[in-house]
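Colleague: Per the numbering used here, the very first residue in the sequence shown carries number 3; after that it's consecutive.
Built from N, CA and C at the ideal position, the CB exists for glycine as well.
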Amino acid sequence: MIDVILPVLNEAKALPWVLGRLPEGYAPIVADNGSTDGSGDLASGLGARVVVEPQPGFGAACFAGLTAATAEVVCFMDCDGSLDPRALPAVADP
Numbered sequence: 003m004i005d006v007i008l009p010v011l012n013e014a015k016a017l018p019w020v021l022g023r024l025p026e027g028y029a030p031i032v033a034d035n036g037s038t039d040g041s042g043d044l045a046s047g048l049g050a051r052v053v054v055e056p057q058p059g060f061g062a063a064c065f066a067g068l069t070a071a072t073a074e075v076v077c078f079m080d081c082d083g084s085l086d087p088r089a090l091p092a093v094a095d096p
């Protein structure tokens, strides 16, 4: 299993596509950093583990996700859809 940390701030539109394309064996951890569009609830409903980070900032969200990770291998990915999650095995598989 590989944990995928997804720092999120108002990404409700992108979340279904991103989470739906994660390969088997990749577990999403959505680090919600103050979203006001329901991103956290949506991600949870789509099967992601959600951690809420009230401290604003990308670094704070990344750290919250990393702290929640339990897998031996962890990767980070933006949740805006700029990278196809199906490309993760090319860079993350051990």
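Who does L8 pair with in a DSSP beta bridge?
Modeller: Answer is V32, bridged to L8.
Colleague: Using only the alpha-carbon positions, how far apart do I31 and D5 sit?
Modeller: I31 and D5: Cα-Cα distance of roughly 7 Å.
Colleague: Helix, strand or coil for R23? Go by DSSP, reduced to three states.
Modeller: Coil at R23, not helix or strand.
Colleague: Looking at the secondary structure, which residues open and close the alpha helix (DSSP H) in which C64 lies?
Modeller: Element bounds for C64: 60-70.
Colleague: Express the C-alpha separation of G36 and V54 in angstroms, rounding to a whole number.
Modeller: Going by the C-alpha atoms only, they are around 8 Å apart.
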